[in-house]
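To keep things clear, I will list the structure first and then write my remarks on it.
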Amino acid sequence: MALCVGQLRLLITQTCHIVNSKPLSLSSPAWAIQKLTRVRVVDNSSLGNTPYHRPPKCIHVYNKTGVGKVGDRILLAIKGQKKKALIVGHRMPGPSMTPRFDSNNVVLIEDNGNPVGTRIKTPIPTILRKQDGEFSKVLAIAQNLV
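Note that the working numbering has the sequence shown beginning at 903, numbered continuously upward.
Dropping the structure here:
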């Protein structure tokens, strides 16, 4: 009888351990663009408009957290080249009054911050206006703001 109770106790502790273990990741999903995220170039630059068999991917985010949101600069791998870009929209919802987009949109920029293209094909969020003239040239070539 004592042997049965000992085995039962062992079985219960093993079962509780299996039930309480969490093999799945319970961390919250990333709120925006991080490394290896596929993006869509929305300006009319020659590099962004030519068809490519691999979509452009983010290979670096220029901020402390490593997660890019609207207004952050990133480094893209596009057609075998490294280009800097500005995030003008992402899929995940951000803070209040920030629009959510159907794709991760970026605009290619030069090292000094000037946009490579002359037009932006999609609406960009007005939250970029609040960032003290840093993106004034990008706002100037945008057709409409959301």
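Heads up, the beta-carbon is just placed ideally off N, CA and C, and yes, glycines get one too.
Could you check what DSSP says for Val990 in three-state terms: helix, strand or coil? Taking the first residue of the sequence shown as 1, we reach residue 990 at position 88. The answer is strand: DSSP assigns Val990 an E or B state.
Return the CA-CA distance between Asp883 and Asn1046, expressed in angstroms with no decimal places. Since the first and last residues shown for the chain are 903 and 1048, residue 883 lies out of range.
Distance CB(Val963)-CB(Asp974) smaller than 8 angstroms: Along the sequence shown, read from residue 1 onward, the residue named residue 963 stands at position 61. Along the sequence shown, read from residue 1 onward, the residue named residue 974 stands at position 72. Yes; because the gap between Cβ atoms is below 8 angstroms, this pair is in contact.
On a CA-only basis, which of Gln983, Cys906, Gly970 is nearest His992? Give me that one, please. Within the sequence shown, the letter at position 90 stands for residue 992. Considering only alpha carbons, the answer is Gly970.
Which partner residues of Pro995 appear in the DSSP bridge assignment? The count along the sequence shown starts at 1 and reaches residue 995 at position 93. None; Pro995 has no bridge partner.
From Gly968 to Gln936, what distance separates their C-alpha atoms? Here residue 968 refers to the residue found at position 66 of the sequence shown. Here residue 936 refers to the residue found at position 34 of the sequence shown. Taking the straight line joining both Cα atoms gives about 6 angstroms.
Going by C-alpha to C-alpha distance, which of Pro1001, Val1018, Gln983, Cys960 sits closest to Val941? Counting from 1 along the sequence shown, the entry for residue 941 is found at position 39. Sorting Pro1001, Val1018, Gln983, Cys960 by C-alpha distance to the C-alpha of Val941 places Cys960 at the top.
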